[in-house]
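First the structure, in the form of structure tokens, and then the observations on it.
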């Protein structure tokens, strides 16, 4: 029993250190991929940045493909914590929908990932290719569209002039992405200001009460 | 004189063959970069695809950076021929602005470049970096924004409810980009349909005469 206990402790210790290393490497990996892309993820560079060895990274993640998939899953977790969860803490309806918009803009503006929105940063690499990286990115994008559509749907009572919820969701996503893209390329805040004004206008046009938008507008 | 003439002819012949090779390589390069990115441009792969040698590609383009810059300039020429020139052939005003929108969507949908809009495909690679590739892409994006803003400005008389021309230009570009991005990732036509409906709505909301939009709408 003692031996077993000791072995378990040793295994637990090793597992914990493994988990810590894994997390540290993934933190670097999501930032690196948001700047250099998923193909630019280098096992050597990750080992160097996290003070480990290449064989250590390989032992934790296996192939480069496994590392890419783990990086995408880690980015998804961060996105959920940065955007989805704060949005869900707002009351259902227009307030939550507006919270979604402003939280996403802040997620992009504050460079939660060094290279702006992780999923926009890596999309161009994956969209013309097939394979597991492409498939997981498609699934995550579908999840995101469905989430925005659900938030629009829950705000329908607050948007009496809303005609096409799917179209509004498409427009909101388009405007948020445009802010992210423009700010990354031009390095100015102008695109966030334009996007916020345009998002605001879209909700007003759908019949939103301006008071409810003012409340959460910075 | 005869000798000089012959030399000139020989030089002209060589130059012509050089220009033809250059064009053939650039045609491959823009398509390759629209799928694999500018960093993915491989001199070896281009030589293979165009039936030449690596040293031949190097002789024509010099460094990889020179090849990247020449590729971007070639993509700009194609973009001007595919989008800007057809737009400018439409009468000034709302018709031209709507022509811009539908022509851009068609430029993306028809995959003028294999990987969709060239400039969106390579943006993520360049936006977080500095250097000549970044600088030329910023300049081209500024040209494009200015062009869209000019078309909006020239349509102002046809858009009596237009309040903020810069904001409308931002929205139109956002919606066109969203169609390109979504269709590449999901491989469906849905995003083009949503974008066209949204673009149409934006112009109607600015006071456009629906008749003028119907005329050029598919």
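Protein chains in written order, with the working numbering: chain A, 17 to 234; chain B, 17 to 234.
Positions of the beta carbon are idealized from the N, C-alpha and C atoms, including for glycine.
{"Query": "Residue from 205(A), 56(A), 120(A) and 28(A) whose Cα sits closest to the Cα of residue 94(A)", "Result": "120(A)"}
{"Query": "Whole alpha helix (DSSP H) elements within the region 193 to 230 of chain B, 4-residue minimum", "Result": "206 to 221"}
{"Query": "Candidates 165(A), 103(A) and 33(A), of which the one nearest residue 122(A) by Cα", "Result": "103(A)"}
{"Query": "Residue closest to residue 200(A), alpha-carbon to alpha-carbon, out of 154(B), 205(B), 174(B) and 229(B)", "Result": "154(B)"}
{"Query": "Residues within the region 179 to 197 of chain B neighbouring chain A, beta-carbon criterion of under 8 Å", "Result": "180, 182, 183, 186, 187, 189, 190, 191, 193, 194 and 197"}
{"Query": "Test: residue 136(B) CB closer than 8 Å to a CB of chain A", "Result": "yes"}
{"Query": "Three-state secondary structure (DSSP) of residue 147(B)", "Result": "coil"}
{"Query": "Cβ neighbours of residue 148(B) in the same chain (closer than 8 Å, five flanking residues each side left out)", "Result": "81 and 85"}
{"Query": "Chain B residues whose Cβ lies nearer than 9 Å to that of residue 53(A)", "Result": "53, 55, 140 and 141"}
{"Query": "Which of helix, strand or coil DSSP assigns to residue 233(A)", "Result": "For residue 233(A), the predicted model reports a pLDDT of 48, less than 50, meaning its position is unreliable and no value from the coordinates is stated."}
{"Query": "Close beta carbons around residue 137(A), own chain, < 6 Å, minus the five adjacent residues each side", "Result": "50 and 131"}
{"Query": "Residue closest to residue 188(B), alpha-carbon to alpha-carbon, out of 198(B), 212(B), 54(B) and 73(B)", "Result": "212(B)"}
{"Query": "Through-space distance from residue 83(A) to residue 216(B), alpha-carbon basis", "Result": "43 Å"}
{"Query": "Where residue 173(B) falls, given that 16 or more other Cβ within 10 Å makes a residue buried", "Result": "exposed"}
{"Query": "Outcome for residue 143(A) when other beta-carbon atoms lying within 10 angstroms are tallied against a minimum of 16", "Result": "buried"}
{"Query": "Interface partners of residue 213(B) on chain A, CB under 8 Å", "Result": "180 and 183"}
{"Query": "Burial state of residue 18(B) (16 or more Cβ within 10 Å)", "Result": "Bear in mind that the predicted position of residue 18(B) carries a pLDDT of just 46, short of 50, making it too unreliable to give a figure here."}
{"Query": "Any chain A beta carbon closer than 8 Å to residue 175(B)", "Result": "no"}
{"Query": "Any chain A beta carbon closer than 8 Å to residue 162(B)", "Result": "no"}
{"Query": "Supposed contact pair residue 183(A) and residue 214(A) - C-beta distance, whole angstroms, cut 8 Å", "Result": "Actually they are not in contact, since the Cβ atoms of residue 214(A) and residue 183(A) sit about 14 Å apart, beyond 8 Å."}
{"Query": "8 Å contact criterion, which residue 110(A) and residue 186(B) should meet: CB distance rounded", "Result": "The Cβ separation is near 23 Å, so there is no contact."}
{"Query": "When 30(B), 69(B), 62(B) and 124(B) are compared against residue 195(B), the one with the closest alpha-carbon", "Result": "124(B)"}
{"Query": "Any chain A beta carbon closer than 8 Å to residue 157(B)", "Result": "yes"}
{"Query": "Unbroken alpha helix (DSSP H) run spanning residue 77(A), endpoints", "Result": "70 to 77"}
{"Query": "Integer-rounded CB distance, given that residue 170(A) should sit under 8 Å from residue 218(A)", "Result": "About 16 Å separates the two Cβ atoms, so there is no contact after all."}
{"Query": "Where the region 100 to 122 of chain B meets chain A: residues whose CB sits under 7 Å from a CB there", "Result": "none"}
{"Query": "contact_flag[the region 60 to 79 of chain B, the region 37 to 44 of chain B] where n(CB pairs < 8 Å) is 3 or more", "Result": "yes"}
{"Query": "Burial state of residue 33(B), where buried means 16 or more other Cβ atoms lie within 10 Å", "Result": "exposed"}
{"Query": "C-beta neighbour in chain B for residue 40(A), strict 8 Å", "Result": "no"}
{"Query": "C-beta atoms of residue 101(A) and residue 53(B) nearer than 8 Å", "Result": "no"}
{"Query": "Unbroken stretches of the alpha helix (DSSP H), 4 residues or longer, contained in the region 74 to 151 of chain A", "Result": "80 to 95, 101 to 105, 110 to 125 and 134 to 143"}
{"Query": "C-beta neighbour in chain A for residue 233(B), strict 8 Å", "Result": "Interpretation of residue 233(B) is limited by its pLDDT of 49, a score under 50 that renders its predicted location unreliable; the figure taken from the coordinates is listed afterwards. Taking Cβ atoms only, chain A never reaches closer than 8 Å to residue 233(B), which makes this a no."}
{"Query": "Among 135(A), 175(A), 208(A) and 180(A), the one whose alpha carbon lies nearest that of residue 96(A)", "Result": "135(A)"}
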